[in-house]
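*Asks:* Here it is: the structure, laid out below.
Number of protein chains: 2
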Amino acid sequence: MSEFGTLEDRVRRKSLLSKTMSATDCIKFFKTGQNLLWSGFTPAGYPKAIPIALADHVEANNLQGKLKFNLFAGASVGAETEDRWATLDMIDRRWPYQTGKNIAKGINTGRIRMGDKHLGLFAQDISYGFYTENGRYDIGIIEVSAITEDCGLALTSSCGIVAEAINLCDKIIIEVNTGQPSFEGLHDIHMQQKPPHRAPFLITEAHTRIGTPYVPCDPDKIIAVVDSKYRDKGRAFAGQDDTSDAIAGHLMEFFAHEVKKGRLPENLLPLQSGVGSIANAVVGGLANGPFTNLSVYTEVLQDTMLDFFDSGKLNFASACSLSLSEDPGFPRFFDNWDKYFGKCVLRPLSISNAPEPIRRLGCIAMNTPVEFDIYAHANSTLVGGTRMINGLGGSGDFLRNGYLKIMHSPSTRPSKTDPHGITCVVPKAPHIDHTEHDLDVLVTEQGLADLRGVAPKERAKLIIEKCGHPEYKPILNDYLQMSSKHCLERGVGHEPQMFDRAFKMQQNLAENGTMRIKNWDIKVDLCE
Amino acid sequence: MSEFGTLEDRVRRKSLLSKTMSATDCIKFFKTGQNLLWSGFTPAGYPKAIPIALADHVEANNLQGKLKFNLFAGASVGAETEDRWATLDMIDRRWPYQTGKNIAKGINTGRIRMGDKHLGLFAQDISYGFYTENGRYDIGIIEVSAITEDCGLALTSSCGIVAEAINLCDKIIIEVNTGQPSFEGLHDIHMQQKPPHRAPFLITEAHTRIGTPYVPCDPDKIIAVVDSKYRDKGRAFAGQDDTSDAIAGHLMEFFAHEVKKGRLPENLLPLQSGVGSIANAVVGGLANGPFTNLSVYTEVLQDTMLDFFDSGKLNFASACSLSLSEDPGFPRFFDNWDKYFGKCVLRPLSISNAPEPIRRLGCIAMNTPVEFDIYAHANSTLVGGTRMINGLGGSGDFLRNGYLKIMHSPSTRPSKTDPHGITCVVPKAPHIDHTEHDLDVLVTEQGLADLRGVAPKERAKLIIEKCGHPEYKPILNDYLQMSSKHCLERGVGHEPQMFDRAFKMQQNLAENGTMRIKNWDIKVDLCE
């Protein structure tokens, strides 16, 4: 029995009740090498009962490495599922994003094969049949709030790639989450055709609905219905600090300037904001700022969004997932359901992150990279250029197609070996996920560099001047001057670099524990 | 008098005839430091009479460096205009693309400040007011075929950014091209609003028209009407060779495979094809291939497109410009006007290259980079990582949003210092315009690498195996093995690189004239 209604209440397609079984009963359906599609997007709306039962099974029977799957979901899922699976060597391929220390370790030591893709592109490409030999998947595991009489799936806290999954999977297992209230009605599901039969997404404002609240599902594909009481293991709230507050301050000032210049309307344009402390500070800045009647068109709604609503400044928010904390996020949302329900919509990833609505609405895209370089190429994925953290996510979907394309980062990050920290502004990004052609504005706590209409060498000066940490500015300026002289003299200087030392700061960090190099002449340093 | 009709015939808005003057008479309107917006896209539809008169004026009066402009156009324009202007030091800033030896020299020696931007993004951003202090431009120079009674501009061989320009310029000078037939009726002009008032582009097939044939223009802004007889200096036809034929052959085979697998319909999907010998070979391959009822949704139509029409395989082509050769291209088009007219449409750059229709239609995007690396990052713009050639163009618009994202290149290019040539497949691209997240397929004359669903280290193996030149394969494989071992041992090996030697092949080319290095141990090479 559940305070939120029983399985029988939630499954209104009564013929499906005969397929009810326990998560353990479902283990029999799984075989090593299968391609699995899960619901879920960031740790929200992912299946839990079956993944946990499978992990318990592997652990209890010492099947590590013997029951291994290719796991595809809209983005990351909860650590108690994918990260535990990684620890138990249950993952071969993983697409297109992940979170967890153990899964990252598996990827960076070569045990797990991860593909990192723009989430909006992944959602599209998977429906095209691009990720498996025949484009099909063995089993889909979908968390739902309810099932309607005509087998429409009312999803939970995210939409992810469920709209695609139900067509791509041969068999579907449903987890009905009765451990929390139903999210029925929050979703706007548009089932899109593939080219050449694709129709426009007629979204003209963040709140436009173009679909229905349910994902239509063929009942014959459903092989099991499982009652689940597990709640999302929501992300811990990333608190603000002086650095993130300073960044938010620069952005508020910039928005006010843009409004004054007539380049932004007084209520700005639909906001996309990433995750983490800077994103939270920006949302906080907006909640306390001068702008009203705002809207959000993004991929993830976090706890701060509730404050934003409560401030009275935010009219509406569209996203792919509601990724609130277990406490106080979700309880707060459910306790104030009537207040928030009519102001939010969750959309399939293939629509929340599609270039079409992002560009039409003119989103203000804001995301945090690992680092960026003096010419405005940004690294969002690989620390040191080779080590995967989580993945690209939807940053490129919004940055490439938004109205204003903004990246924000602290100017330095803490280091164990250098009290001055390591710089996030480098001569050349060792891995590039967003190019100079994609970014308009870079911000650190030091300042904001508006790069629109600025050519590369001036851009480099501006980025160092506005965004660089004082401890690193002279080093970066020396590099710029040296490489400009070198390349311009040779008539090859549109975007100067010297490839024998472009990564010297990173190499020096690896060898000597600091990025504050003393001498740019690499030959002397290496050979003496 | 003209065999194609007089100025009086072409200007149906009779009140404008009082503003008729010679190109030389217009010189008085121009002052150094002005921001100019031109019509034109690739060498098609650009103003000629006035730019040439201004160049003559500078040359005759030794005004080099004293009459200098910021020049914005949809893409490149004819060499007799921008390249001559560069020679005469008449260009300060140049956005977003260019063609010509002298303008490239000006850019790479630091005399001309060039901004390189996705063309589709530039067309949008310029209307947002991003490229000048107040978002305005002093003078627009627009080539037209005719002006209607209500001052609608019937453009010539391209649309470029004219739909935006007429709103952004304070003054407009019209060049009426009476030296060639009128292109009236060929264009589909949709005047889009800015966010938050932007409406969907309801293009659902390459041939869908959503606008009118004319750009509406405020007649009071027009300060001069000039009769011009100059024709476009069309690009010389880039002939096919064994290499491009082999690449086209791999692609035809791939398309057939995709149709068989059910991932492409029998008439494929709308094709986007870049410029150059490989693009011509691909179009040639399609004209002679098994696929029928094809359509093209691209940015530039070249001479081979006429062959493609004549083959009976191509139903319709949508583009931003008709960039035919002076001979035989344009005469052939005009002589067969009735045959081609109903099968082509020219659209504004902000629509031809917009993510919305490209993704909806599911374009097959095919473009040629300078080089790509073993992880599928591609360099489209900067030779050696620093020297600008032409710019990014629309390659990213189509590659980022298409159904299949394909880049093709010879595996090696000729070198003056190495009979084996220089490799186009490198360990790490020294400049990155398209990332691993954007590309599905890489092709050289050696073979085709289908990268969909392939993780980085496997991707590297596949690219080297399928695309690398036999002379370079062992060198690239050695790098991959060495860097994989190094990074995996350290637990940082999602996408292995070694930054002390990732550019060693390029450095060796600069120092020793060959990319075929013998030893990957950089310390030994540098210090011994």
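Quick mapping for you: the protein sequence lines, in order, are chains V and R. In terms of this note's numbering, the first sequence is residues 4 to 531. In terms of this note's numbering, the second sequence is residues 4 to 531. A virtual CB, placed ideally from N, CA and C, is assigned to each residue, including glycine.
Would R139 (chain V) be called buried (16 or more neighbouring beta carbons within 10 Å of its own) or exposed?
*Replies:* Classification of R139 (chain V): exposed, given that the 10 Å Cβ count is below 16.
*Asks:* For R403 (chain V), is the beta carbon positioned less than 7 Å from some heavy atom of the ligand MG?
*Replies:* With respect to small molecules bound, the structure shown includes none, and the ligand MG cannot be examined in it.
*Asks:* State yes or no: is the beta carbon of T207 (chain R) nearer than 8 Å to at least one beta carbon in chain V?
*Replies:* Yes - at least one Cβ of chain V is within 8 Å of the one on T207 (chain R).
*Asks:* Where in the segment 150-208 of chain R do unbroken runs of the alpha helix (DSSP H), each at least 4 residues long, occur, reported from the N-terminal end onward?
*Replies:* If we require 4 residues or more, the alpha helix (DSSP H) runs fully inside the segment 150-208 of chain R come out as 165-171.
*Asks:* By DSSP, does C530 (chain R) sit in helix, in strand, or in coil?
*Replies:* Here C530 (chain R) scores only 32 on pLDDT, less than 50, and its place in the model should not be relied on; the value that follows carries that caveat. Of the three classes helix, strand and coil, the one that applies to C530 (chain R) here is helix, per DSSP.
*Asks:* Identify each residue in the segment 185-202 of chain R for which the Cβ-Cβ distance to at least one residue of chain V is less than 8 Å, and report them in chain order.
*Replies:* Listed by position, the residues of the segment 185-202 of chain R near chain V (Cβ gap below 8 Å) are K197, P198, P199, R201 and A202.
*Asks:* Quick one: measure Cβ to Cβ for D141 (chain R) and L39 (chain R), integer angstroms, because I've assumed they're closer than 8 Å.
*Replies:* Indeed they touch by this definition, with Cβ atoms about 7 Å apart.
*Asks:* Can you tell me which residues form a DSSP beta bridge with Q275 (chain V)?
*Replies:* Q275 (chain V) is bridged to V:A368.
*Asks:* Would you tell me roughly how many angstroms separate the C-alpha atoms of D534 (chain R) and N270 (chain R), rounded to the nearest one?
*Replies:* Outside the displayed range of chain R (4 to 531) lies residue 534 (chain R), so it cannot be described from this structure.
*Asks:* Any residues in the segment 463-481 of chain V with a beta carbon nearer than 7 Å to a beta carbon of chain R? Which ones, in chain order?
*Replies:* Result list empty, no residue passes.
*Asks:* Report the start-end ranges of each alpha helix (DSSP H) in the segment 5-66 of chain R that is 4 residues or longer and not cut off at the edges.
*Replies:* Whole alpha helix (DSSP H) segments, 4+ residues: 10-13 and 52-63.
*Asks:* Compile a chain-ordered list of the residues in the segment 114-133 of chain R whose CB is closer than 8 Å to at least one CB of chain V.
*Replies:* Result list: R116, M117, G118, D119, K120, H121, L124, Q127, D128, Y131, G132 and F133.
*Asks:* Examine chain V for any beta-carbon lying closer than 8 Å to the beta-carbon of C427 (chain R), and answer yes or no.
*Replies:* By this cut-off, C427 (chain R) is not an interface position.
*Asks:* Straight-line CA distance for T415 (chain V) to I435 (chain V)?
*Replies:* Roughly 18 Å between the two C-alpha positions.
*Asks:* Output, in sequence order along the chain, the residues in the segment 400-414 of chain V whose CB is closer than 8 Å to any CB in chain R.
*Replies:* Correct list: R403, N404 and Y406.
*Asks:* When DSSP labels each residue in this structure, what does H253 (chain R) get in the three-state scheme?
*Replies:* Looking at H253 (chain R) - three-state DSSP - the assignment turns out to be helix.
*Asks:* Go to M410 (chain V), then tell me how far its beta strand (DSSP E) extends in each direction, as first and last residue.
*Replies:* L407 to H411 is the span of the beta strand (DSSP E), which, as asked, contains M410 (chain V).
*Asks:* What residues of chain R sit near L442 (chain V), judged by a beta carbon separation below 7 Å?
*Replies:* Going along chain R, no residue has its Cβ under 7 Å from L442 (chain V), so there is no contact; the nearest lies around 11 Å.
*Asks:* Where do the N-terminal and C-terminal ends of the alpha helix (DSSP H) with Y343 (chain V) fall, by residue?
*Replies:* Per DSSP, Y343 (chain V) belongs to the alpha helix (DSSP H) from W340 to F344.
*Asks:* Quick check: the Cα distance between K488 (chain R) and A320 (chain V), rounded to an integer number of angstroms?
*Replies:* Roughly 47 Å between the two C-alpha positions.
*Asks:* Please list the terminal residues of the continuous beta strand (DSSP E) segment that includes G496 (chain V).
*Replies:* Per DSSP, G496 (chain V) belongs to no beta strand (DSSP E) and is neither H nor E.
*Asks:* What's the gap between the Cα of L254 (chain R) and the Cα of L451 (chain R)?
*Replies:* When rounded, the distance between both Cα atoms is 8 Å.
*Asks:* Based on the DSSP output, what are the partners of A320 (chain V) in its beta bridges?
*Replies:* A320 (chain V) pairs with V:V299 and V:C347.
*Asks:* Have a look at the DSSP bridge pairing and note the partners of P219 (chain R).
*Replies:* For P219 (chain R), which the question treats as bridged, DSSP gives the partners R:G155.
*Asks:* Leaving out the 5 sequence neighbours to the left and right, which residues in its chain are closer than 7 Å to K34 (chain V) when beta-carbon positions are compared?
*Replies:* Same-chain partners within the cutoff: there are none.
*Asks:* Hey, could you find the ends of the alpha helix (DSSP H) A133 (chain V) is sitting in?
*Replies:* Just to set this straight, residue 133 (chain V) is Phe in the shown sequence, not Ala. Neither: F133 (chain V) is in no alpha helix (DSSP H) and is coded neither H nor E.
*Asks:* Go ahead and pull the three-state DSSP assignment for T426 (chain R).
*Replies:* Looking at T426 (chain R) - three-state DSSP - the assignment turns out to be strand.
*Asks:* Can you find a C-beta in chain V that's less than 8 Å from the C-beta of C490 (chain R)?
*Replies:* For C490 (chain R), the answer is yes, since a Cβ of chain V falls inside 8 Å of its Cβ.
*Asks:* Evaluate contact between the segment 55-71 of chain R and the segment 258-275 of chain R, counting only Cβ atoms and requiring at least three cross-stretch pairs below 8 Å.
*Replies:* The answer is no - the segment 258-275 of chain R does not touch the segment 55-71 of chain R, with fewer than three Cβ pairs under 8 Å.
*Asks:* Any beta-carbon of chain R closer than 8 Å to the one on G494 (chain V)?
*Replies:* Yes, G494 (chain V) counts as interfacial toward chain R.
*Asks:* Less than 8 Å between CB atoms is the rule here; does D524 (chain R) satisfy it with respect to chain V?
*Replies:* It does not; no Cβ of chain V falls within 8 Å.
*Asks:* To the nearest angstrom, how far is it from the Cα of H200 (chain V) to the Cα of R266 (chain R)?
*Replies:* When rounded, the distance between both Cα atoms is 14 Å.
*Asks:* Check the Cβ of M391 (chain R) against every Cβ in chain V and list those closer than 7 Å, keeping chain order.
*Replies:* Result: H497.
*Asks:* Quick one: what does DSSP say H489 (chain V) is sitting in, helix, strand or coil?
*Replies:* H489 (chain V) falls in the helix class under three-state DSSP.
*Asks:* Does K51 (chain R) pass the burial test, meaning 16 or more other C-beta atoms within 10 Å, or should it be called exposed?
*Replies:* The residue is buried, with at least 16 neighbouring Cβ atoms inside 10 Å.
*Asks:* Nearest-angstrom Cα distance between N73 (chain R) and L327 (chain V)?
*Replies:* Straight-line Cα distance between these residues: approximately 49 Å.
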